[in-house]
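First residue of the sequence shown? That's 876 in the working numbering, and the numbers climb one at a time after it.
Beta carbons are placed, not taken as given, at the ideal position from N, Cα and C, and that holds for glycine.
Below is one structure, written out as structure tokens; the observations come after it.
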Amino acid sequence: MTRTATEDMHNLLTDHPELYEARFPDADRLAGRWTEDCLRRYGAGPRVLDMGCGTGRDAAHLHGSGRTVTGADLSEAMLTHARTHHPGPVYVHADLHGFDLGHRAFDAVVCLDSSLLYCHTDAQLDGFLASCRRALTPGGLLVAEMRNGAYFLGRTDLLDTPTVHEFTWHGTAYRSTTTLTVDRTAQLLRRTRVWTADDGSRPVEQRSAWRLLFPLELRRLLAGHGFEVLDLHDGPGPRTEPPWREGMAPGETTDADRLHVVARLIEQAP
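This is the structure:
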């Protein structure tokens, strides 16, 4: 019998950060290195806000590169894990739909692994970008990496077959079976993930969704909040195939399944 996530837990991965890191290993800190490359490429100052920092791996890498980093997340379990296992940054509780961590307190805001797409509505997107505008110093950068809504126009390869991943954590074998569907009315990519384990526990079904943004739509949203897009491309990046490597320049297309954006604040909130 499959149970829903809300019966026993809010979210299996965010409530168990060590399990998250086992499921999504990043021993080479590829996402953090890609982000640091973007920040250096466009001359960002040292003060960085990692919004949706999760377990803190990327925030800690940026801290280790010499930056003053604040990691923010909605999950207290993630923040507790980050403080213990990835020290260096300051970790704070904040909601990306709207946050106030200081006026002009940061030189860059980073939002990785589709965290921005948890803004499902236009009001939530406006809240996020208005918060970034308030947080950034004039000329500050927004660096984001996410799924590409345009990829799903006429393409079904990521929708046709459930994706299965297996891994072992603390002696227990886990299997996750993930199915993606497109909700065109809400402009959302919906995800259903069923977890099974060999420890005798019942399967757990969890549901989540990302807003699907299109490249021109993203440009317009950013421009409406006073940002100039410096780079918008589908790869290479930390989650592309092949993945980004040091020395690789940003691409020029926006056709693949990931979007990477670097934008500079050209207007300042009063």
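Between which two residues does the alpha helix (DSSP H) holding residue i run?
i	result
W1119	Per DSSP, W1119 belongs to no alpha helix (DSSP H) and is neither H nor E.
Y895	P892 to R898
L1091	P1090 to G1099
H956	E951 to H960
T936	The sequence given here has His at residue 936, not Thr. Segment R932 to G939, the alpha helix (DSSP H) holding H936.
D1032	D1032 to D1035
Could you name the residues that DSSP lists as bridge partners for residue i?
i	result
W1070	S1051 and V1079
F1042	Y1049
A1138	L1017 and V1104
R924	Residue identity check: residue 924 is Leu in the sequence provided, not Arg. According to DSSP, L924 bridges with T945 and V984.
Y966	G946
W909	Paired residue(s): none; W909 is not in a bridge.
D1058	L1063
A1084	R1065
R1133	R1022
Going by DSSP, what residue range makes up the beta strand (DSSP E) through residue i?
i	result
G1015	L1011 to R1022
G946	T943 to D948
Using only alpha-carbon positions, find the residue among the options that is nearest to residue i.
i	options	result
R898	L1063, D982, H1045 and Y917	H1045
L1028	A952, T1129 and D903	T1129
R1133	E1080, A1025, D1106 and L1091	A1025
F974	L992, M926 and S989	M926
E1092	L1107, A902, D1035 and E893	L1107
S989	Y1049, R1066 and T943	R1066
Y895	F1089, F1042 and W1085	F1042
G920	V1057, R979 and G907	R979
T1012	P964, L992, L976 and D1032	L976
A935	Y966, R1030 and L1063	Y966
E951	D982, V1104, H891 and S1006	H891
R1120	R904, L954 and E893	R904
Within 10 Å of its beta-carbon, does residue i have 16 or more other beta-carbons around it, so buried, or fewer, so exposed?
i	result
T945	buried
A1138	buried
R922	buried
V1039	exposed
A1010	buried
V1136	buried
E882	Any reading at E882 needs caution, since the residue's pLDDT is 36, under 50, leaving its predicted position unreliable; the model's value is listed next. When all chains shown are included, E882 counts as exposed.
L888	buried
E1127	exposed
A902	exposed
G1110	buried
E1020	buried
L1016	buried
L1034	exposed
A906	buried
R915	exposed
R1008	buried
T879	Unreliable positioning characterises T879 in this predicted model, as indicated by a pLDDT of 38, which lies under 50. The coordinate reading is nonetheless provided below. That one is exposed.
Got a sec: is the Cβ-Cβ distance from residue i to anything in chain C below 8 Å?
i	result
G1099	No chain C is part of this structure, which consists of one protein chain only.
> Do three or more CB pairs link the region 927-943 to the region 960-976 at distances below 8 Å?
Replying inline: Yes, the region 927-943 touches the region 960-976.
> On the three-pair Cβ rule with 8 Å, is the region 935-943 touching the region 990-999?
Replying inline: The region 935-943, when compared against the region 990-999, does not touch it at the 8 Å Cβ threshold.
>> Check whether the region 1048-1057 and the region 1092-1109 are in contact - that is, three or more C-beta pairs closer than 8 Å.
In response: As far as the Cβ criterion goes, the region 1048-1057 does not touch the region 1092-1109, which means the pair count is below three.
> Can at least three beta-carbon pairs, one atom from the region 1104-1115 and one from the region 1065-1075, be found at a separation below 8 Å?
Replying inline: Flag = no, the region 1104-1115 and the region 1065-1075 do not touch.
> Would you say the region 962-973 touches the region 901-921, given that touching needs at least three Cβ pairs under 8 Å?
Replying inline: The region 962-973 is not in contact with the region 901-921.
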